[in-house]
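What follows is a single structure, written as structure tokens, with notes after it.
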Amino acid sequence: AAVKEVLRHAPVISAITRNVLYDDAIGKPSELDREFSNLKSKVPVARFHSLCLSWMFSSTFKTLFIQSFLGEDYDYHPYAFLPFSGGHRICTGRELAFFELKTIITRLMQFITFIDCNENIGGYQQKVICFPKNLAVTVRFDKD
76 AAVKEVLRHA PVISAITRNV LYDDAIGKPS ELDREFSNLK SKVPVARFHS LCLSWMFSST
136 FKTLFIQSFL GEDYDYHPYA FLPFSGGHRI CTGRELAFFE LKTIITRLMQ FITFIDCNEN
196 IGGYQQKVIC FPKNLAVTVR FDKD
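Position one of the sequence shown corresponds to residue 76 (our numbering), numbered consecutively onward.
What follows is the structure, given as structure tokens:
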């Protein structure tokens, strides 16, 4: 979930190019909104990832919010998150990229210590996972 949230904020590709197979009108039919066949259409992936209407937690779409990819909170349109394109044209290096990102995060976590603060009082929230109502930690970077 954390990797997907990072890729939502920093997608690998900025846009997807597709060939238009049939004449189509987007929204209100006007000359400006028409797409004609045999042309290329550019889909801005980064824009889809940041549209607040696509995500359940629209007020926090500019901040990291991992819960949008977990269990019961997993509620977004399938085309709202396309970090590696989609369909049969999906990126062949996707699994390798995920593995490399997990390896980098694991290596970084070996040099970080999270210290619990006194502000973590007041109960917990229980959804798919339990987490404190007030989460405050101090992050210490180890010298070794």
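Backbone N, C-alpha and C define an ideal beta-carbon position, used for all residues, glycine too.
Selected residue, minimal CA-CA separation from residue i, among the options
i: Thr-213; options: Asp-191, Phe-206, Val-118 and Val-78; result: Asp-191
i: Arg-182; options: Lys-79, Phe-216 and Ile-196; result: Phe-216
i: Phe-186; options: Asn-209, Lys-218, Ala-90 and Ser-116; result: Lys-218
Simplified DSSP state of residue i, which is helix, strand or coil
i: Ala-90; result: strand
i: Ile-196; result: coil
i: Lys-79; result: helix
i: Phe-186; result: coil
i: Val-120; result: helix
i: Lys-115; result: strand
Burial state of residue i (16 or more Cβ within 10 Å)
i: Arg-169; result: exposed
i: Arg-83; result: buried
i: Pro-86; result: buried
Pairwise C-alpha distance: residue j and residue i
i: Ile-179; j: Gly-198; result: 33 Å
i: Leu-210; j: Ile-204; result: 14 Å
i: Ala-90; j: Glu-80; result: 18 Å
i: Val-118; j: Pro-207; result: 39 Å
i: Ile-196; j: Glu-175; result: 36 Å
i: Met-184; j: Lys-177; result: 10 Å
i: Lys-202; j: Ser-116; result: 41 Å
i: Thr-188; j: Val-120; result: 35 Å
i: Leu-114; j: Gln-200; result: 51 Å
i: Leu-171; j: Arg-93; result: 24 Å
C-beta atoms of residue i and residue j nearer than 8 Å
i: Phe-173; j: Val-78; result: yes
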